[in-house]
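*Asks:* Heads up: the sequence shown runs through residues 1 to 301, numbered per UniProt numbering. Got a structure here, written out as structure tokens. Questions coming.
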Amino acid sequence: MDSEPSWDFYRSFLTVLRHGSLSAAARELGLTQPTIGRHVDALELAIGAELFTRSPNGLLPTDAALALKPYAETLAATTAALLRTASSQRERVAGTIRISASEVIAVEVLPAILGPLQDAHPELQIELSASDAVEDLVNREADIAVRMAEPQQDALVVRRIGDIPLGFHAHRRYLERYGIPQSVADLANHRLIGFDRQTAYVRLVMKRYPVPDGIKFAYRTDSNLAQLAAIRAGVGIGLCQIGLARENPDLVHLLADAFNIPLGTWVAMHESLKSSPRCRVTFDALVNGLQDYYRYSTRTG
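Structural data, given as structure tokens:
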């Protein structure tokens with residue numbers, strides 16, 4: 001091929017890689033299946049290697065495809081950031097802004113902050129990435145991030161919100177049936193809700209707050225949202241943010257004096273976005289809204 005492959009080829013390749021079929025990629029991109037196939041064929045011709053092999057389960061990536069994947073993902077993130085930047089006009093709070101936040105914060109806390117923000121600025125469009133994965137602000141995978149770990153990258157504007165407290169909670173219905181634990185050791189006799197595997201954050205928490213012998217999770221899931229839903233449904237005892245539990249009078253805070261985990265919270269964005277009206281206004285709204293949530297979570301009485 002005489003010229004460099006079109007970005008469309010990489011986008012089609014990345015979508016096929018994610019879904020494992022030409023038809024699924026075509027549906028997502030709004031193209032025809034033959035068009036997606038031509039894009040993949042053209043990219044294979046350009047790099048001189050086969051990207052997919054057929055199997056009963058769909059298209060499987062070759063080693064060449066897996067090697068190409070991170071570069072295609074970088075192209076996708078850069079293109080999305082370019083379009084978001086281009087959509088903003090000088091001194092107008094308008095255009096698209098992408099916010100990254102943990103599942104729980106994104107679903108349970110941010111809507112009450114972002115709804116009024118859009119009421120005040122109707123031309124502002126929000127993309128909310130609800131994931132516990134850390135998106136790269138330097139490479140513009142997101143414009144603004146709400147982090148539960150202190151940002152370490154350079155060239156970021158960072159505001160610390162505070163330590164949002166977590167504690168053991170259970171629904172009254174569960175406690176009426178199984179009783180109220182009077183000590184951390186009593187948890188060994190209860191149905192606990194926890195993680196299916198130890199992530200870096202879970203290992204850090206367990207190092208700081210060792211789990212007594214005999215205590216095991218009877219209901220396990222890697223999703224913080226799924227854990228919260230299980231607590232609310234009366235499945236058992238689990239950890240959740242105290243501020244969220246206060247919204248439900250049927251959730252009881254257990255062992256408050258014996259066990260409390262501080263969840264450090266920060267808001268961050270790349271320093272190059274300080275001059276962007278939409279980023280500046282959104283950053284300030286997130287900081288102010290999360291500070292209100294922090295004060296509500298830590299109040300006494």
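Just so you know, even glycine gets a beta-carbon here, dropped at the ideal spot from N, CA and C.
Would you check if the distance between the CB atom of L166 and the CB atom of L239 is smaller than 8 Å?
*Replies:* Yes; because the gap between Cβ atoms is below 8 Å, this pair is in contact.
*Asks:* Measure the C-alpha to C-alpha separation of G58 and P34 and round it to an integer number of angstroms.
*Replies:* Going from the Cα of G58 to the Cα of P34 covers about 16 Å.
*Asks:* Mind checking whether the beta-carbon of S55 lies closer than 7 Å to any heavy atom of the ligand HEM?
*Replies:* The ligand HEM is not part of the structure shown, which contains no ligands of any sort.
*Asks:* Does the beta-carbon of L66 have 16 or more other beta-carbons within 10 angstroms, so that it is buried, or is it exposed?
*Replies:* Exposed.
*Asks:* Helix, strand or coil for M1? Go by DSSP, reduced to three states.
*Replies:* Its pLDDT being 44, under 50, M1 is placed unreliably by the model, and nothing is read from it.
*Asks:* Per DSSP, what are the beta-bridge partners of P165 in this structure?
*Replies:* The partner list for P165 (beta bridge, DSSP) reads P262.
*Asks:* Output needed for S6: all residues of its chain with C-beta closer than 6 Å, excluding positions within five of it in sequence on either side, in chain order.
*Replies:* Cβ within range, chain order: n/a, list empty.
*Asks:* Please name the residue in Q153, F259, I164, A49 whose C-alpha comes closest to that of D292.
*Replies:* The candidate whose alpha carbon is nearest that of D292 is I164.
*Asks:* Who pairs with T52 in a beta bridge, going by DSSP?
*Replies:* Reading the sequence as shown, one finds Phe at residue 52 and not Thr. The partner list for F52 (beta bridge, DSSP) reads P61.
*Asks:* Can you give me the C-alpha to C-alpha distance between D250 and R280, rounded to a whole angstrom?
*Replies:* For D250 and R280, the distance between alpha carbons rounds to 39 Å.
*Asks:* How long is the line joining the alpha carbons of A130 and H190, rounded to whole angstroms?
*Replies:* Between A130 and H190, the C-alpha separation is close to 31 Å.
*Asks:* Note down, one range per segment and in chain order, each beta strand (DSSP E) of at least 3 residues found wholly within the stretch 168-197.
*Replies:* Runs found: 192-194.
*Asks:* Using the DSSP secondary-structure output, state which residues sit across from V252 in a beta bridge.
*Replies:* Per DSSP, A170.
*Asks:* Please report how far the alpha carbon of N248 lies from the alpha carbon of E44, in whole angstroms.
*Replies:* So the two alpha carbons sit approximately 55 Å from each other.
*Asks:* In this structure, what does DSSP give as the bridge partners for A268?
*Replies:* DSSP output for A268 lists A145, V158 as bridge partner(s).
*Asks:* Determine the DSSP secondary structure at E123, reduced to helix, strand or coil.
*Replies:* Note: E123 maps to coil in three-state DSSP.
*Asks:* Could you work out which residue in V287, M269, G194 is closest to Q153 when comparing CA atoms only?
*Replies:* If we check each option's Cα against that of Q153, M269 comes out closest.
*Asks:* Consult DSSP for G234 and reduce its assignment to one of helix, strand or coil.
*Replies:* If DSSP states are grouped into helix, strand and coil, G234 belongs with coil.
*Asks:* Taking DSSP's pairing of strands, which residues face F217 in a bridge?
*Replies:* Looking at the DSSP assignment, F217 forms a beta bridge with L192.
*Asks:* In three-state DSSP terms, what is R92?
*Replies:* Coil at R92, not helix or strand.
*Asks:* Per DSSP, what are the beta-bridge partners of S100 in this structure?
*Replies:* DSSP, once it has assigned bridges, lists S129, A145 as partnering S100.
*Asks:* With DSSP as the reference, identify every bridge partner of C240, one or two as the case may be.
*Replies:* Paired residues: G167.
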